[in-house]
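>
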Amino acid sequence: MECSENIPIIITFGIETSLNDILQVYLQNKYHIIRIQQEISFQYIKLYKNVMLLIINSDQPWIRNSKLVKKIQQENLFSNVPIIGLCLKKYFKNMKNSERYLYDDILLLPCNNEDFLTRIDVWTNTADFLKNYEEESKTFSLDTLEF
Numbered sequence: 294m295e296c297s298e299n300i301p302i303i304i305t306f307g308i309e310t311s312l313n314d315i316l317q318v319y320l321q322n323k324y325h326i327i328r329i330q331q332e333i334s335f336q337y338i339k340l341y342k343n344v345m346l347l348i349i350n351s352d353q354p355w356i357r358n359s360k361l362v363k364k365i366q367q368e369n370l371f372s373n374v375p376i377i378g379l380c381l382k383k384y385f386k387n388m389k390n391s392e393r394y395l396y397d398d399i400l401l402l403p404c405n406n407e408d409f410l411t412r413i414d415v416w417t418n419t420a421d422f423l424k425n426y427e428e429e430s431k432t433f434s435l436d437t438l439e440f
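Residue numbering for the sequence shown follows the numbering used here, beginning at 294 and increasing consecutively.
#1: For residue 315, I'd like the list of residues in its chain whose CB is within less than 8 Å of its CB, leaving aside the five on either flank, ordered along the chain.
#2: Could you tell me how far apart the beta carbons of residue 320 and residue 363 are, in whole angstroms, since I believe they sit closer than 8 Å?
#3: Where do the N-terminal and C-terminal ends of the alpha helix (DSSP H) with residue 441 fall, by residue?
#4: For the segment 297 to 311 against the segment 324 to 337, do three or more pairs of beta-carbon atoms, one drawn from each stretch, fall closer than 8 Å, so that the two count as touching?
#5: Following the continuous beta strand (DSSP E) through residue 344, name the residue where it begins and the one where it ends.
#6: I need the boundaries of the beta strand (DSSP E) containing residue 306, first residue and last residue.
#7: From what residue to what residue does the alpha helix (DSSP H) around residue 400 run?
Rendered as structure tokens:
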């Protein structure tokens, strides 16, 4: 599918039809939404150059088993693209910390539409800022600060 380079893209992996419908209804005028429902070649994803956000249903076995998030994070094209993980509350309790830290944010399901859309808005704005920010962003922790 051909996308205009001017329209930002949100790529979703393994999300349910109901969540996809919400995205289409509320965001289709602002973003081109690419829905991926099965394991695909990583080369296919790299065709899209204006990606603002990735939404990944971490409960899908084909996503967990393929190490999709790690592959995405290693690709320079997606280095400043936020990744929202979706997770059922019952699975989140058993999710390993190493898996949790792969995502920039995790949205627990079921959630209401307002929460879902607000989080998307926050992260697309963050991605837009990072894309247009001239300087390299820096992260500080208490360990790196000198007193």
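Glycine included, C-beta positions come from ideal geometry on N, C-alpha and C.
In short:
#1: 406, 409 and 410
#2: Not a contact, Cβ separation roughly 27 Å.
#3: With the chain covering only 294 through 440, there is no way to say anything about residue 441.
#4: yes
#5: 344 to 350
#6: 302 to 306
#7: No alpha helix (DSSP H) contains residue 400, which is instead part of the beta strand (DSSP E) from 398 to 402.
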